[in-house]
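Asker: All residue numbers for the sequence shown refer to this note's numbering, where the first residue is 320 and numbers rise by one.
Provided herewith is a single structure, encoded as structure tokens, for subsequent inquiry.
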Amino acid sequence: MSLKYNPKFTNKEEIQALYDRLNEEQKASIEGQEIRVNLFPPKTVKEGDDMADADLFDLDGKVHHLADFKGKYMLLDFWSSGCGPCIMAFARNERDFKSKYKDRLTIISLSSDTQTRWKAASAQHEMTWQNLSDLKQTAGLYAVYDVNGIPNYVLISPEGKIVKMCRAMVRQLELKMRRYLDAPKREMS
Numbered sequence: 320m321s322l323k324y325n326p327k328f329t330n331k332e333e334i335q336a337l338y339d340r341l342n343e344e345q346k347a348s349i350e351g352q353e354i355r356v357n358l359f360p361p362k363t364v365k366e367g368d369d370m371a372d373a374d375l376f377d378l379d380g381k382v383h384h385l386a387d388f389k390g391k392y393m394l395l396d397f398w399s400s401g402c403g404p405c406i407m408a409f410a411r412n413e414r415d416f417k418s419k420y421k422d423r424l425t426i427i428s429l430s431s432d433t434q435t436r437w438k439a440a441s442a443q444h445e446m447t448w449q450n451l452s453d454l455k456q457t458a459g460l461y462a463v464y465d466v467n468g469i470p471n472y473v474l475i476s477p478e479g480k481i482v483k484m485c486r487a488m489v490r491q492l493e494l495k496m497r498r499y500l501d502a503p504k505r506e507m508s
């Protein structure tokens with residue numbers, strides 16, 4: 320991870336040599352995928368880009384895609400069971416945003432936990448909204464959306480364009496949501 324976060328890290332060649340020595344099974348493991356993402360960062364999306372998508376699993380193992388939710392705004396909520404601010408935001412996201420914007424917004428929580436921890440945390444916190452995982456922890460959509468800290472939110476337009484990306488606490492997120500979802504529609508004359 321020092322490769323990703325420390326621009327002065329000087330041992331990339333040694334890390335790559337160690338990675339190259341891994342067998343295919345080790346490279347395919349979550350740990351191997353995370354090493355690869357840090358050695359060779361994927362192309363990331365930015366505000367204004369089309370949303371990135373992937374196979375996303377619900378708690379029952381059913382596959383979903385973000386494209387399934389087009390037609391409404393989507394709020395991607397990147398979280399982990401070990402993130403206190405993420406857990407604190409759940410109640411507010413559910414109570415305030417879901418009720419206030421129910422016809423215009425779908426909240427989609429994306430976990431970076433192992434499958435076991437994700438399932439346990441989901442049950443513990445009684446998550447009733449869209450709660451998905453690509454089962455790649457931080458090596459999948461987390462890397463593509465360049466999530467470097469959580470809680471992290473991405474607002475996507477009904478057409479699938481990234482409107483806003485922010486690492487914010489709930490109060491800041493609420494202000495950003497109002498700007499986009501409460502803005503009066505202006506007609507061109």
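Glycine is no exception: its CB is placed at the ideal position from the N, C-alpha and C atoms.
1. Please go through the same chain and pick out, in chain order, the residues whose beta-carbon is closer than 6 Å to the beta-carbon of Y461, but skip the five residues on each side of it.
2. Have a look at N467, T457, P470 and Y472 and flag the residue whose alpha-carbon is nearest the alpha-carbon of Q352.
3. Apart from the five residues on each side of it in sequence, which residues of its chain come closer than 7 Å, Cβ to Cβ, to Q335?
4. Taking its Cβ as the centre, do 16 or more other Cβ atoms sit within 10 Å of G380, making it buried, or is it exposed?
5. For F397, which residues from the same chain have a beta carbon less than 6 Å from its beta carbon, with the 5 sequence-adjacent residues on both sides left out?
6. With DSSP collapsed to three states, give me the class of M484.
7. Given D369, which residues of its chain have a CB within under 8 Å of its CB, disregarding the five upstream and five downstream residues?
8. Enumerated in chain order, which unbroken segments of the beta strand (DSSP E) with a length of 3 residues or greater are wholly contained in the stretch 373 to 398?
9. What residue range does the alpha helix (DSSP H) around Y464 cover?
Answerer: From the atom records:
1. S431
2. T457
3. L358
4. exposed
5. L429, V466, I469 and N471
6. strand
7. G479, K480 and I481
8. 392 to 398
9. Where Y464 is concerned, there is no enclosing alpha helix (DSSP H), given that its DSSP letter is neither H nor E.
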